[in-house]
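One structure below.
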Amino acid sequence: MISPSALKVLYRLDGAGFRACLVGGGVRDLLLGREPKDFDVATDASPDQVRELFRNCRLIGRRFRLAHVRFGPEIIEVATFRAAHDDDDGDHAEMSDEGRILRDNVYGNIEDDVWRRDFTVNGLYYDIHDFSVIDYVGGVEDLEKGVLRIIGDPDQRYREDPVRMLRAIRFAVKLGFNLDPSCARPLPQLASLLDAISPARLFDESLKLVHGGYALQTFEALRHHHLFEHLFPLTEIALSHEHDGFPATLIGRALDNTDQRIADGKSVTPAFLLAALLWDAFEERRRQLEADGMQPMDALGLAADQVIAKQVARLAVPRRFTQVTRDIWAMQPRLVDLSPKRARRAFENPRFRAAYDFLKLRAEAGDAEADCAHWWTDFQDASDAEREEMLNGLDERAAPGAPKRRRRRKRRA
Ligand code: ATP
Ligand code: MG
Numbered sequence: 008m009i010s011p012s013a014l015k016v017l018y019r020l021d022g023a024g025f026r027a028c029l030v031g032g033g034v035r036d037l038l039l040g041r042e043p044k045d046f047d048v049a050t051d052a053s054p055d056q057v058r059e060l061f062r063n064c065r066l067i068g069r070r071f072r073l074a075h076v077r078f079g080p081e082i083i084e085v086a087t088f089r090a091a092h093d094d095d096d097g098d099h100a101e102m103s104d105e106g107r108i109l110r111d112n113v114y115g116n117i118e119d120d121v122w123r124r125d126f127t128v129n130g131l132y133y134d135i136h137d138f139s140v141i142d143y144v145g146g147v148e149d150l151e152k153g154v155l156r157i158i159g160d161p162d163q164r165y166r167e168d169p170v171r172m173l174r175a176i177r178f179a180v181k182l183g184f185n186l187d188p189s190c191a192r193p194l195p196q197l198a199s200l201l202d203a204i205s206p207a208r209l210f211d212e213s214l215k216l217v218h219g220g221y222a223l224q225t226f227e228a229l230r231h232h233h234l235f236e237h238l239f240p241l242t243e244i245a246l247s248h249e250h251d252g253f254p255a256t257l258i259g260r261a262l263d264n265t266d267q268r269i270a271d272g273k274s275v276t277p278a279f280l281l282a283a284l285l286w287d288a289f290e291e292r293r294r295q296l297e298a299d300g301m302q303p304m305d306a307l308g309l310a311a312d313q314v315i316a317k318q319v320a321r322l323a324v325p326r327r328f329t330q331v332t333r334d335i336w337a338m339q340p341r342l343v344d345l346s347p348k349r350a351r352r353a354f355e356n357p358r359f360r361a362a363y364d365f366l367k368l369r370a371e372a373g374d375a376e377a378d379c380a381h382w383w384t385d386f387q388d389a390s391d392a393e394r395e396e397m398l399n400g401l402d403e404r405a406a407p408g409a410p411k412r413r414r415r416r417k418r419r420a
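The opening position of the sequence shown corresponds to residue 8 in the numbering used here, with each subsequent residue numbered one higher.
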């Protein structure tokens, strides 16, 4: 089950006289009988020596320098064994005042390397030289017991790299493991250390949290351990004064939807989840601006700008995604307040599908009129002739949420 590319890297390093081990998730997942997502290699060759062995190689990372060896779409990550930082040596790893590791590029051997890894089950090495699994940290036992345990003192290891708190949740949920109580206990207290992590890294990590196939469970665990509020502060505020199950129902459904799509092998976009996570904050701001006398369209645009700006300060969501989130929001009124002309235009909009999916989600969560969502579902299923008929059936001056002529008549009566 080890990919041919990973084997190629391992054997070429071994052939050149270097130590070459598979490490991390690859070994962990193979021992669990799961298919690894990717393969990480650890070696005593320096990044420059790795580059000399592989033409298809790029060195990346400053905080943590490593080599990427590319085979078509597959990338094998090759990391040089790291040693613990030694304070009386000029060459030690750089630390922040809070004990966070800023740079970690001091090389060592495998016995140094293992102690810097995060969890015991991620600290197993498969040595290609003699096909043995090397376990310095009791990782095999924890794999068998289904326990996720940090290597060393949890408090110190979280302080060194607060992202390990997010990784703890991600692996515990994905593997169905119990987070060892000593590793769960410090989380609420240390959660605010996440605020010092760069928004770019937090975005990358958040993508893994929501696109790993267990978004709903991960979300619940993150909230339980008080980590979530440091990733999505506006969402946490909305959740804390939720009414009638909003926005919890909408968010839960969006996350569940994401998991479902991944299970079905369909594509997912962070823009859609972002639209759901921030919907309540956006709506509240929009209503506030309207109540202050702003024109509806202006209020919508400004509310979207403000809510997204706040979120992006925490997670650096690239513009190509936030733009889609804005479009999904901007189209919501246009899918509800229907006239033949508006409906035709909405349907031709390139974002129609995403906006319709979002409307459907809102309707299912009881946040939008189910009638409108059904009308659009029927419309998409209909033939051209039937569509014309449906469009002609719309009242030019239909009230929001009342796409059918019959309903308006009833109201008038
Ligand atoms: P995945 O299945 O998500 O790829 P993984 O365990 O392989 O899981 P990676 O992010 O690919 O995770 O990292 C590879 C290995 O590097 C980990 O298993 C772990 O040993 C080590 N590692 C990664 N990130 C950290 C970290 N922040 N602190 C300590 N060790 C880490
Ligand atoms: Mg990996």
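Here a beta-carbon is modelled for each residue, glycine too, at the ideal position from N, C-alpha and C.
With fewer than three CB-CB distances shorter than 8 Å, the stretch 376 to 386 does not count as touching the stretch 263 to 270. Excluding residues up to 5 positions away in sequence, Leu284 lie with their Cβ nearer than 6 Å to the Cβ of Phe239 in the same chain. Taken from the Cβ of Gly308, every heavy atom of ligand 2 lies 6 Å or farther away. Secondary structure at His218: coil, using DSSP grouped into helix, strand and coil. In the three-state DSSP reduction, Arg230 falls in the helix class (H, G or I). For Phe126, the secondary structure class from DSSP, reduced to helix, strand or coil, is strand. A distance below 7 Å separates the beta carbons of Arg19 and Leu60. The residue among Asp45, Phe178, Gln318 with its C-alpha nearest the C-alpha of Ser10 is Asp45. Secondary structure at His136: coil, using DSSP grouped into helix, strand and coil. In this chain, the beta strand (DSSP E) harbouring Thr87 covers 81 to 87. Minimum Cα-Cα distance from Gly373 among the listed residues Val170, Gly252, Met8 corresponds to Gly252.
Counting along the chain, Asp266 sits inside the alpha helix (DSSP H) bounded by residues 255 to 270. Here the alpha carbon of Ala198 sits roughly 7 Å from the alpha carbon of His237. Excluding residues up to 5 positions away in sequence, Leu182, Gly183, Phe184, Asn185 lie with their Cβ nearer than 8 Å to the Cβ of Gly153 in the same chain. Following the DSSP letters along the chain, one finds Asp47 inside the beta strand (DSSP E) bounded by residues 47 to 50.
For Ala74, the pairing in a beta bridge is given by DSSP as Leu66, Val85. Following the DSSP letters along the chain, one finds Ile315 in no beta strand (DSSP E) but inside the alpha helix (DSSP H) bounded by residues 303 to 321. Inter-segment contact for the stretch 322 to 338 and the stretch 357 to 364 is present: three or more beta-carbon pairs are separated by less than 8 Å.
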